[in-house]
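Undergrad: Here the sequence shown stands for residues 150 to 352, where the numbers follow the numbering used here. In this text, a Cβ means the ideal position worked out from N, Cα and C, and glycines have one as well. Pasting a structure below so you can have a look.
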Amino acid sequence: MNYEVIFYHAGRTAEIETTLSGALDSIALYPSASCAALTPAELAQHLAASLNRVDPVFIIGGLDGGRQSTDKILSIVLSARENEMTANKLIDDEDNTAYLIRSRQQFIFVLPDDADIIQKMLDLRIRQELRKLYSLSERQEAVPAVAGIAGELERQLSLMPRTVPEPVRRKDPSLLMYRILIAVLLSLGVVQTGLAVFFWLTL
């Protein structure tokens, strides 16, 4: 199932698109298009086009309480469609406000221009509303079993090249004895040479 996003007086659009897609992918809602509106007329035009293609539609930004705020413009635009329109406020525990608007059996979510607030609202309320409205189910991430992890680890280890360690060479004790004997003989030779020199000098 697809949705579209309309940005109205909004910034950080790429970050917000990433936040939406990351949160809605788990309930099989996927973005199909996004656009930006700078004036109330553009917002009305983009909204009409989006509602002809997909449902739901997310409108991001413009919740500043002014004369051209998103909620006031939508109230005028949608009431002109000669159909029952309902709007519900979605408020989180920090008094951030979003709107769920229903018009002609279609749903429009109006969210503030802040990726962190959007993420929090999606987690606390909006994703639950979407699941209920469209009979969607949360996709659970598959958790691999311990046995499967162990088997995969063993398989990967078996593919690694094996190296045979070289045997540790132990020193032959007989070689050590020969070295000691040679050292002793050399020492005796030095002593004998010293004695010979001494006697030669004293004669």
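Let's see if you can read the secondary structure: which residues bound the alpha helix (DSSP H) around GLN268?
TA: Note, GLN268: alpha helix (DSSP H), 264-270.
Undergrad: Based on Cα-Cα distance, which residue from LEU335, ALA264, LEU334 lies nearest to GLY171?
TA: Of the listed residues, the one whose Cα sits closest to GLY171 is ALA264.
Undergrad: Check whether the Cβ atoms of VAL203 and ILE257 sit closer than 9 Å, and answer yes or no.
TA: Contact: no.
Undergrad: Hey, how far is the Cα of LEU271 from the Cα of SER307?
TA: Rounded to the nearest angstrom, the two C-alpha atoms are 44 Å apart.
Undergrad: Per DSSP, which one or two residues make a beta bridge with ASN201?
TA: DSSP, once it has assigned bridges, lists no residue as partnering ASN201.
Undergrad: If you follow the beta strand (DSSP E) that THR249 is in, where does it begin and where does it stop?
TA: Inspection of the sequence shows that residue 249 is occupied by Leu rather than by Thr. Where LEU249 is concerned, the enclosing beta strand (DSSP E) stretches over 246-252.
Undergrad: Helix, strand or coil for GLN255 per DSSP?
TA: Strand at GLN255.
Undergrad: What residue range does the alpha helix (DSSP H) around VAL223 cover?
TA: Checking the displayed sequence, the identity of residue 223 turns out to be Leu instead of Val. Where LEU223 is concerned, the enclosing alpha helix (DSSP H) stretches over 219-228.
Undergrad: Output the boundary residues of the beta strand (DSSP E) element that contains GLU153.
TA: Start and end: 151-157.
Undergrad: Based on Cα-Cα distance, which residue from GLU233, ILE267, LYS238 lies nearest to SER252?
TA: Selected option, being the one with the closest Cα: GLU233.
Undergrad: Throw me the rounded Cβ distance for the ILE267 and LEU169 pair, which I believe falls under 8 Å.
TA: Confirmed, Cβ separation roughly 7 Å.
Undergrad: Going by CA-CA distance only, name the one from ARG304, LEU273, SER336, PRO180 that's closest to THR245.
TA: Note on residue identity: the sequence assigns Asn, not Thr, to residue 245. For the residues ARG304, LEU273, SER336, PRO180, the minimum Cα distance to ASN245 belongs to LEU273.
Undergrad: LEU302 to LEU192, Cα distance in whole Å?
TA: Computed Cα separation, rounded: 54 Å.
Undergrad: Under 9 Å, do GLU153 and SER175 count as touching if we go by C-beta distance?
TA: Their beta carbons are not under 9 Å apart, which means GLU153 does not touch SER175 by this criterion.
Undergrad: Quick one: give me the first and last residue of the alpha helix (DSSP H) that ALA167 is part of.
TA: Checking the sequence shown, residue 167 turns out to be Thr, not Ala. Here the alpha helix (DSSP H) through THR167 covers 162-173.
Undergrad: According to DSSP, THR235 sits in a beta bridge with which residue or residues?
TA: In the DSSP output, where bridge partners are listed per residue, THR235 has ARG251.
Undergrad: Cα-Cα, which of ASN151, TYR283, LYS238 is closest to LEU212?
TA: Residue LYS238 is the option with its Cα nearest to LEU212.
Undergrad: What residue range does the alpha helix (DSSP H) around LEU279 cover?
TA: Where LEU279 is concerned, the enclosing alpha helix (DSSP H) stretches over 276-283.
Undergrad: Which one or two residues does DSSP pair with ALA185 in a beta bridge?
TA: PHE156.
Undergrad: Just grab the DSSP bridge partners of ILE240 for me.
TA: ILE240 is bridged to THR246.
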